[in-house]
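S.K.: Take this structure, written in structure tokens, and hold onto it; I'll ask about it next.
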Amino acid sequence: MKQTTGSAVRTRAVAKRPPMAVMAKGDGHARADGPGFEPSREGRIHEAAYALYEARGCVHGHDVDDWLAAEAAVAREASGAIAGCSALDH
57 MKQTTGSAVR TRAVAKRPPM AVMAKGDGHA RADGPGFEPS REGRIHEAAY ALYEARGCVH
117 GHDVDDWLAA EAAVAREASG AIAGCSALDH
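Using this note's numbering, read the sequence shown as starting at 57 and increasing by one per residue.
What follows is the structure in structure tokens.
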């Protein structure tokens, strides 16, 4: 009888992954657009920070300043909405 040496090669089934959520072009975040959709606080900050970046002529190096200014603007907007008026409308 012939003996085999070495290890047996084993194969295993790999489960397929479910398809990923559809991503919005360029921002890396899944979108749920439609009636009644309200973006998250972080999403609003992201959009406001990007608007500041664009308003400055897309000059790099001020990302932290833009993010902090956007956070402050979103916080003012939220506190204004609670009080019944938006601070960004003034």
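Note that beta-carbon positions come from the ideal geometry of N, C-alpha and C, so glycine has one too. Computed from a predicted structure; not experimentally measured.
How would you label Ser135, buried or exposed, when you count the other beta carbons within 10 angstroms and need 16 or more for buried?
M.R.: Position 79 of the sequence shown holds residue 135. Exposed, because fewer than 16 other Cβ atoms sit within 10 Å of the Cβ of Ser135.
S.K.: Given this structure, state the Cα-to-Cα distance separating Gly99 from Tyr109, to the nearest angstrom.
M.R.: Your numbering for residue 99 matches position 43 in the sequence shown. Your numbering for residue 109 matches position 53 in the sequence shown. Straight-line Cα distance between these residues: approximately 15 angstroms.
S.K.: Secondary structure at Met79, three-state DSSP: helix, strand or coil?
M.R.: Start at 1 with the first residue of the sequence shown, and residue 79 comes out as number 23. At Met79, the pLDDT of 40 sits below 50, so the modelled position is not reliable; the number obtained from the coordinates is stated separately. Three-state DSSP puts Met79 in a strand.
S.K.: Taking the alpha helix (DSSP H) that His102 belongs to, which residues open and close that run?
M.R.: Numbered from its first residue, the sequence shown carries residue 102 at position 46. Start and end: Arg97 to Ala111.
S.K.: Val120: buried (16+ other C-beta within 10 angstroms of its C-beta) or exposed?
M.R.: Locating residue 120 in the sequence shown gives position 64, where the first residue counts as 1. Exposed.
S.K.: Once DSSP output is grouped into helix, strand and coil, what is the label at Val115?
M.R.: Locating residue 115 in the sequence shown gives position 59, counting from the first residue. Three-state result, Val115: coil.
S.K.: In its own chain, which residues sit with a C-beta less than 7 angstroms from the C-beta of His146, not counting the 5 before and 5 after it?
M.R.: Here residue 146 refers to the residue found at position 90 of the sequence shown. For His146, the pLDDT reaches just 48, beneath the cut-off of 50, and the residue's location in the model is therefore unreliable, leaving the point undetermined.
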